[in-house]
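Some notes on the structure that comes next.
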Ligand SMILES: [Zn+2]
Ligand SMILES: [Zn+2]
Ligand SMILES: [Zn+2]
C-alpha cells in the first residue's frame, strides 16, 4: 500500500511537499510533451499549498489575489482539466474540491481518507481494495471506467 498519510496528518516541512510536487509535474509534462503554462503551474501550486482539498471558486479567488486582477472561471477550469488529465491532481467528489496527487504517473486506484474536522485528506492506494472493486464490477457485468473511494472520519490529530 502506498500513502502520504504521514505527511497529510502530521507536522512536517510542507515546502518539501510543494517542491517535490512541482518537480514531479515538470518531469511528467516533459515526458508527455505537455506544456506547464504559468496558469497551470499557479493552480497546481495553490492546490498544493496544504493537504486540504480546494474548491474551484477558492482557487479563483486566491489566483485573482495573487495576480492582482480578476481571474475568470474558464481559466481555472481549463487548468484543472489539464492537471486532472495528467493525473497531477484528483477531484474529491463528496467535497467538490481538488487535491494534489502525491504519486502522479504511477498507476493507482484512488482511496482518500478525509478528516471531517481539519479537512486534511490523505491518499492511499491499496491493491486489495482496488481488486475487490474490479471483482464486484466484473461480477455485475459492469464496465468499470474509474474508481475513487472517499472515506470520512477523524485524522490522528483530531481524534
Ligand atoms: Zn506536506
Ligand atoms: Zn493519486
Ligand atoms: Zn484532522
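In the numbering used here, the protein residues as written are 178 to 336.
Quick reminder that beta carbons are idealized off the backbone N, C-alpha and C, glycines included.
Buried or exposed (CB count within 10 angstroms, at least 16 for buried), residue i
i           : result
residue 237 : buried
residue 228 : buried
residue 179 : exposed
residue 309 : exposed
residue 292 : buried
Ligand 2 heavy atom lying under 6 Å from the CB of residue i
i           : result
residue 300 : yes
residue 292 : no
Distance CB(residue i)-CB(residue j) smaller than 7 Å
i           : j           : result
residue 290 : residue 257 : no
residue 239 : residue 260 : no
residue 213 : residue 275 : no
residue 205 : residue 281 : yes
residue 288 : residue 326 : yes
residue 271 : residue 286 : no
residue 247 : residue 241 : yes
residue 252 : residue 211 : no
beta-carbon residue i near ligand 3 non-hydrogen atom, thresh 6 Å
i           : result
residue 336 : no
residue 297 : yes
Short CB-CB distance (under 7 Å) between residue i and chain D
i           : result
residue 282 : The structure shown contains no chain D, having only a single protein chain.
Residues near residue i by beta carbon distance below 7 Å, same chain, minus five either side
i           : result
residue 194 : 184 and 225
residue 297 : 185, 186, 228, 229 and 332
residue 321 : 311 and 314
residue 273 : 232
residue 279 : 181 and 300
residue 268 : 261 and 275
Nonlocal neighbours in the same chain, by C-beta distance under 8 Å from residue i, ignoring five residues either side
i           : result
residue 218 : 199 and 202
residue 209 : 263
residue 303 : 178, 286 and 288
One or two residues paired with residue i in a DSSP bridge
i           : result
residue 299 : 290
residue 325 : 287
residue 252 : Answer is none; residue 252 lacks a bridge partner.
residue 231 : 275
residue 282 : Partner(s): none; residue 282 has no beta bridge.
Check: residue i C-beta below 6 Å from any heavy atom of ligand 1
i           : result
residue 332 : no
residue 151 : No information on residue 151 is available, as it lies outside the stretch 178 to 336 that the chain covers here.
residue 184 : yes
Cβ neighbours of residue i in the same chain (closer than 6 Å, five flanking residues each side left out)
i           : result
residue 324 : 286 and 310
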